[in-house]
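Okay, structure first, notes after.
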Amino acid sequence: MARLLYSATMSLDGFIAGPGGDMSWLTGYLGPNPTIEALLAEIGAILVGNRSFRGDDPHRGDTEKEGKAFGGGWEGPQFVLTHHPPATPVPGITFCTDLDSAVVAARSAAGDRYVNIIGADVARQCLAANLLDEVLVCVAPVLLGDGVRLFAEPGGAQVELERLRSAEAPLANVLRFRVAR
């Protein structure tokens, strides 16, 4: 069965997006990363939150990469968790209105590969529902000061993680963890 992996690039002070969801900061930290390049072959489906799906794109203005998963580095089934699916279908995108059906559909589509989660709120919901299996974080050498946190759960419980590996890349260090159960 497919495992759920939350992957994100984060500033050293814990933000995956700047104020208002601004992703422009990320542009300078996208580049060669052997860990991410290997991960792309392990992803069978993407589960993305509505804000991430409709939000700012670090590839804005790049007609070859804008609006594409991993800047066009990955193609496959995508599932968007939203309370308000669009009236007009979007090619290649399945809209789901609840977490359980989104996870079931994404896992089914992913087969024995990963369901990659994009979006802090979806990751938080999966963690709270005890569905999240792994977290992969690229830590960029920048302090954003404010924005969207990797995980934000005021009053939340401590979650133990088991380190699987760490690696250095030219633009960001990579940390990979398993959620301890």
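If you read the sequence shown in our numbering, its first letter stands for residue 987, the second for the next number, and so on.
For each residue, glycine too, the CB sits at the ideal point set by N, CA and C.
Cβ-based neighbour list, residue i, same chain, cut-off 7 Å, excluding 5 preceding and 5 following
| i | result |
| --- | --- |
| tryptophan 1060 | Leu1026 and Ile1029 |
| leucine 1130 | Ser997, Asp999, Phe1001, Gly1004 and Trp1011 |
| glycine 1078 | Gln1064 |
| proline 1127 | Leu998 |
| glutamate 1148 | Phe1163, Arg1164 and Ala1166 |
| asparagine 1036 | Val1066, Leu1067 and Thr1068 |
Span of the beta strand (DSSP E) around residue i
| i | result |
| --- | --- |
| arginine 1110 | Run containing arginine 1110: none in the beta strand (DSSP E); it sits in the alpha helix (DSSP H), 1106-1114. |
| serine 997 | 990-997 |
| valine 1034 | 1029-1035 |
| glutamine 1144 | Element bounds for glutamine 1144: n/a, residue is neither H nor E. |
| threonine 1080 | 1079-1082 |
| leucine 1067 | 1064-1067 |
| glutamate 1120 | 1120-1126 |
| valine 1160 | 1159-1165 |
| phenylalanine 1001 | 1001-1003 |
Enclosing alpha helix (DSSP H) for residue i [first to last residue]
| i | result |
| --- | --- |
| alanine 1095 | 1085-1096 |
Check whether residue i and residue j have beta carbons under 8 Å apart
| i | j | result |
| --- | --- | --- |
| valine 1101 | alanine 1024 | no |
| valine 1160 | cysteine 1124 | yes |
| alanine 1158 | threonine 995 | yes |
| valine 1066 | valine 1089 | no |
| alanine 1155 | proline 1071 | no |
| alanine 1153 | threonine 1013 | no |
As assigned by DSSP and simplified to three states, the class of residue i
| i | result |
| --- | --- |
| leucine 1026 | helix |
| leucine 1012 | helix |
8 Å Cβ cutoff, residue i in contact with chain C
| i | result |
| --- | --- |
| alanine 1095 | Absent here is chain C; the protein component of the structure consists of one chain. |
6 Å Cβ shell around residue i - same chain, five flanking residues per side excluded
| i | result |
| --- | --- |
| leucine 993 | One point to set straight first is that residue 993 is serine, not leucine, in the sequence displayed. Contacts found: Asn1102 and Leu1122. |
| alanine 1181 | This structure cannot speak to residue 1181, because the chain is shown only from 987 to 1167. |
| glutamate 1146 | Ala1166 |
Is it the case that the region 1080-1090 contacts the region 1105-1118, given that we only count it when at least three CB pairs across the two stretches are under 8 Å? yes
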